[in-house]
DNA sequence: GGCACTGGTGAAAAATCTGTGAACGGGTCC
DNA sequence: GGACCCGTTCACAGATTTTTCACCAGTGCC
């Protein structure tokens, strides 16, 4: 569960962003929003809070009630208590001294202009990016996110093993051998990009091969290999091929040689 | 000295920001700017560059020459080569799918709209913030114990002796001599990295030898020595070689001369 | 219908990777 | 000098992987 600490004095901004943030799930669990309308109340809360209440990220309106200092008093309180909590400023005063103060005086992680195209989305993207990085930093000393999952598919990005409903995918031409390198890379990138499709050119680039060298025919061939591998893990009755035809699994995107991974619903 | 890597196809932006960046000193030393006008040239440069050329931060124009993918191909090349270099996108398309792709598809650290009040200052503030944070981040090296175990294998990291099911591994060409140093080190690193595979280049780096000097042929040869040593400890009937072919012990990874240690299950 | 195009399929060619025997060359020790 | 020992190379064949080719079906369009 992502806990977001938010200081904002204007009701209409709370009304505008609040529902968006609460509806968004940043880590497969509901998002918890703590909103404060007054800087003093926020500071009090921070001082009294125990470590269990540590937020994952803080959103701060710098210029509150006509007062520059209000927002920064909250950011200072936060930094004293939890130096690791990333601070994101949300403000109507981008490009001014307030932004400078946020970055140079406070250790702001980001500064988002309230007035811009598509703010709600931008806010979500940026919060997500901040959370991801904060999460990675914690886990780097241990073993970092090495498992990529999508429905019944699990890819171990360290050993490159791929499991489908618990069964390891093997090389369809030789069931005793693991899936060949190229197909497993392709699968990984497809899943990572899901639900966006990857065209031949983009895939060539991700694979770090000469895009002259990697033709659509090759891509198609590897997709075939993958589909067969899945199919074999399911018994080799063509069940996975049917799933693909029905629009799940590895589907053709219909646009200039692009394929796409779509999570397979349990019913299939 | 802060080294900034910058990809921008439009001359007027280079003219606008270039002098500002070069005049700015981010770390008490002159700033070095490397500007590329073409994505392909930038990618080439990245692939060829050695580690001394690692930039401190990268500025990328996402949408170059009317092509979305161009900027992202550079960002991918950068991430492949130097995963720690923070990426800042500079774009005229804030709030669009390009920004989303930058944050979610690439690990963008920031995304700055070219059209905004006071851009030059904002750019400097944000680069400074990114550099400060990147500098603060430290990697914690993992502490190794004196004894490394993996299944039936035990390596004494002090005396460098290796025991397999209680039997000390010997030099396969001369059973009265201990395993040679190089194979011992290689085995140790493989086990430490397990189940992550180690490519020739990475292994050369760990062995602290010139990567020019340590070819894949050498690696292969040492792997052979190791496999034979294990085999001899098991009676010399080729039993260990069979284990390797079955995907346990020292296995080939299938990609770019990489080997990997996989714990041997007791049944073998 | 003819045509251009996309995408699935079988098969084969091309490229690459890997195991193996053997040899080379610099050290060291006697 | 000569006999090791050890790390590195070379050459080559067999496996394995990757790319390519040829063909065909479906689809939309004129």
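Residue numbers (the numbering used here), protein chains in the order written: chain A, 115 to 382; chain B, 115 to 382. Just so you know, even glycine gets a beta-carbon here, dropped at the ideal spot from N, CA and C. On a predicted model such as this, the values are computed, not experimentally measured, just so you know.
Q | Cβ-based burial, residue 370 of chain A [other Cβ within 10 Å; buried from 16] | A | Residue 370 of chain A sits at position 256 when you count from the first residue of the first chain. Around the beta-carbon of residue 370 of chain A, fewer than 16 other beta-carbon atoms lie within 10 Å, marking it exposed.
Q.
Give me, in chain order, the residues of the same chain whose beta-carbon lies closer than 8 Å to that of residue 330 of chain B; leave out the 5 immediate sequence neighbours on both sides.
A. Within the second chain, numbered from 1, the residue matching residue 330 of chain B stands at position 216. Contacts found: 314, 371.
Q | Separation of residue 214 of chain B from residue 303 of chain A, as counted between CA atoms | A | By 1-based counting over the first chain, the position of residue 303 of chain A is 189. By 1-based counting over the second chain, the position of residue 214 of chain B is 100. Distance between the alpha carbons of residue 303 of chain A and residue 214 of chain B is about 17 Å.
Q. Can you list, in chain order, the residues of the stretch 191-216 of chain A whose Cβ is nearer than 9 Å to any Cβ on chain B?
A. The residues in question are 208, 209, 210, 213, 214, 216.
(Q) Helix, strand or coil for residue 274 of chain A? Go by DSSP, reduced to three states. (A) On the first chain, residue 274 of chain A is found 160 positions in, with the first residue counted as 1. DSSP places residue 274 of chain A in coil when its eight states are reduced to three.
(Q) Helix, strand or coil, according to DSSP, for residue 178 of chain A in the structure here? (A) The residue given as residue 178 of chain A occupies position 64 in the first chain. If DSSP states are grouped into helix, strand and coil, residue 178 of chain A belongs with the strands.
Q: Could you pull out every residue in the same chain whose Cβ sits closer than 6 Å to the Cβ of residue 185 of chain A, ignoring the five residues on either side in sequence?
A: Here residue 185 of chain A refers to the residue found at position 71 of the first chain. Closer than 6 Å at the Cβ level, and outside the excluded window around residue 185 of chain A, lie 174, 175, 176, 178.
Q.
Counting only Cβ-Cβ distances shorter than 9 Å, please list the residues of the stretch 120-153 of chain B near chain A, keeping chain order.
A. none
**Q.** Nearest-angstrom Cβ-Cβ length linking residue 205 of chain B and residue 228 of chain B, presumed shorter than 8 Å
**A.** Position 91 of the second chain holds residue 205 of chain B. Position 114 of the second chain holds residue 228 of chain B. Yes, they are in contact, since the Cβ atoms of residue 205 of chain B and residue 228 of chain B sit about 6 Å apart, within 8 Å.
Q. Which two residues bound the contiguous beta strand (DSSP E) that contains residue 205 of chain A?
A. For the purposes of this step, residue 205 of chain A is identified with residue 91 of the first chain, where counting begins at 1. First-last of the beta strand (DSSP E) with residue 205 of chain A: 201-205.
Q: Less than 8 Å between the CB atoms is what I'm expecting for residue 150 of chain B and residue 121 of chain B, so what's the real figure, rounded?
A: For the purposes of this step, residue 150 of chain B is identified with residue 36 of the second chain, where counting begins at 1. For the purposes of this step, residue 121 of chain B is identified with residue 7 of the second chain, where counting begins at 1. Between residue 121 of chain B and residue 150 of chain B the Cβ distance is about 5 Å, and since that is below 8 Å, they are a contact.
Q: With a 10 Å radius around its C-beta and 16 neighbouring C-beta atoms as the bar for buried, classify residue 322 of chain B as buried or exposed.
A: As a working mapping, residue 322 of chain B is identified with position 208 in the second chain. Exposed: under 16 other Cβ atoms inside 10 Å.
Q: Please name the residue or residues paired with residue 295 of chain B in a DSSP beta bridge.
A: Walking along the second chain from the start, residue 295 of chain B turns up at place 181. Beta-bridge pairing links residue 295 of chain B to no other residue.
Q: Compare the C-alpha of residue 116 of chain B against each of B/377, B/299, B/243 and name the closest.
A: Working through the second chain from its first residue, we reach residue 116 of chain B at position 2. Per the Cα distances, B/243.
Q | Any C-beta of chain A under 9 Å from that of residue 247 of chain B | A | The residue given as residue 247 of chain B occupies position 133 in the second chain. Yes, contact with chain A.
Q | CA-to-CA distance, residue 292 of chain A to residue 350 of chain A, given in whole angstroms | A | Residue mapping note: residue 350 of chain A aligns to position 236 of the first chain, counting from 1. Residue mapping note: residue 292 of chain A aligns to position 178 of the first chain, counting from 1. Residue 350 of chain A and residue 292 of chain A: Cα-Cα distance of roughly 16 Å.
Q. Can you find a CB in chain B that lies within less than 9 Å of the CB of residue 225 of chain A?
A. The residue labelled residue 225 of chain A in the question sits at position 111 within the first chain. Judged by the 9 Å Cβ criterion, residue 225 of chain A is in contact with chain B.
Q. Is there at least one Cβ from chain A nearer than 9 Å to residue 463 of chain B's Cβ?
A. Residue 463 of chain B cannot be examined here, being either before or after the span of chain B that is shown, 115 to 382.
(Q) Please tell me whether residue 230 of chain B has its Cβ less than 9 Å away from any Cβ of chain A. (A) Counted from its first residue, the second chain places residue 230 of chain B at position 116. Closer than 9 Å to some Cβ of chain A, the Cβ of residue 230 of chain B qualifies, so yes.
(Q) Please confirm whether residue 286 of chain A has its beta-carbon closer than 9 Å to some beta-carbon of chain B. (A) As a first step, residue 286 of chain A must be located in the first chain, where it is residue number 172. No, residue 286 of chain A lies away from the interface with chain B (no Cβ there is under 9 Å from its Cβ).
Q) Does the beta carbon of residue 108 of chain B come closer than 9 Å to any beta carbon on chain A? A) Since the first residue shown for chain B is 115 and the last is 382, residue 108 of chain B is missing from the structure and cannot be characterised.
(Q) DSSP three-state label for residue 140 of chain B, please. (A) Translated into positions along the second chain, residue 140 of chain B becomes position 26. Residue 140 of chain B falls in the coil class under three-state DSSP.
Q) From residue 233 of chain B to residue 241 of chain B, what distance separates their C-alpha atoms? A) As a first step, residue 233 of chain B is located in the second chain; it is residue number 119 there, counting from the start. As a first step, residue 241 of chain B is located in the second chain; it is residue number 127 there, counting from the start. Roughly 12 Å separates the two Cα atoms.
Q | Expected contact under 8 Å - CB spacing of residue 154 of chain B and residue 145 of chain B to nearest Å | A | The residue you call residue 154 of chain B lines up with position 40 of the second chain. The residue you call residue 145 of chain B lines up with position 31 of the second chain. 25 Å between Cβ atoms; not a contact.
(Q) Is there a Cβ of chain A sitting closer than 9 Å to that of residue 258 of chain B, yes or no? (A) For this step, residue 258 of chain B is matched to residue 144 along the second chain. Low local confidence applies: a pLDDT of 46 at residue 258 of chain B is under 50, so the model's placement there is unreliable, with the coordinate-based value given in what follows. Interface residue (Cβ-Cβ distance to chain A less than 9 Å): residue 258 of chain B is not classified as such.
Q: Output the distance between the C-alpha atoms of residue 465 of chain A and residue 325 of chain A, rounded to the nearest integer angstrom.
A: For residue 465 of chain A there is no data in the structure shown, the boundaries of chain A being 115 and 382.
Q: Would you mind working out which of B/193, B/161, B/219 sits nearest residue 182 of chain B, comparing C-alpha positions?
A: For the purposes of this step, residue 182 of chain B is taken as residue 68 along the second chain, with counting starting at 1. Minimum Cα distance to residue 182 of chain B is reached at B/219.
Q) Cβ of residue 218 of chain B less than 9 Å from any chain A Cβ? A) Taking the first residue of the second chain as position 1, residue 218 of chain B is located at position 104. True, the Cβ-Cβ gap to chain A drops below 9 Å.
(Q) Strictly by DSSP, which residues pair up with residue 125 of chain B? (A) Within the second chain, residue 125 of chain B is the residue found at index 11, counting from 1. Answer is none; residue 125 of chain B lacks a bridge partner.
Q. Which bits of chain B does residue 320 of chain A rub up against, with CB to CB less than 8 Å?
A. Translated into positions along the first chain, residue 320 of chain A becomes position 206. Within chain B, the residues 190 have their CB atoms less than 8 Å from the CB of residue 320 of chain A, given in chain order.
Q: For my contact list, residue 309 of chain B and residue 374 of chain B are in at a C-beta cut-off of 8 Å; report their separation, rounded to the angstrom.
A: Stepping through the second chain from its first residue, residue 309 of chain B is reached at position 195. Stepping through the second chain from its first residue, residue 374 of chain B is reached at position 260. Confirmed, Cβ separation roughly 6 Å.
Q. Per DSSP, what kind of secondary structure is residue 117 of chain A in: helix, strand or coil?
A. The sequence position of residue 117 of chain A within the first chain is 3, counting from 1. Residue 117 of chain A falls in the strand class under three-state DSSP.
Q: Determine the extent of the beta strand (DSSP E) in which residue 263 of chain A is found, giving its start and end residues.
A: What you label residue 263 of chain A is simply residue 149 of the first chain in a count that begins at 1. Start and end: 261-264.
Q: Assign residue 367 of chain A to one of two classes, buried (16 or more other C-beta atoms within 10 Å of its C-beta) or exposed (fewer than that).
A: The count along the first chain starts at 1 and reaches residue 367 of chain A at position 253. Around the beta carbon of residue 367 of chain A, fewer than 16 other beta carbons lie within 10 angstroms, which makes this residue exposed.
Q) By the 10 Å Cβ neighbour count, where 16 or more other Cβ atoms means buried, how is residue 133 of chain A classified, buried or exposed? A) Position 19 of the first chain, counting from 1, holds the residue named residue 133 of chain A. Residue 133 of chain A comes out exposed.
Q.
Can you give me the C-alpha to C-alpha distance between residue 158 of chain B and residue 191 of chain B, rounded to a whole angstrom?
A. If you number the second chain from 1, residue 158 of chain B lands on position 44. If you number the second chain from 1, residue 191 of chain B lands on position 77. Those two C-alpha atoms are separated by around 9 Å.
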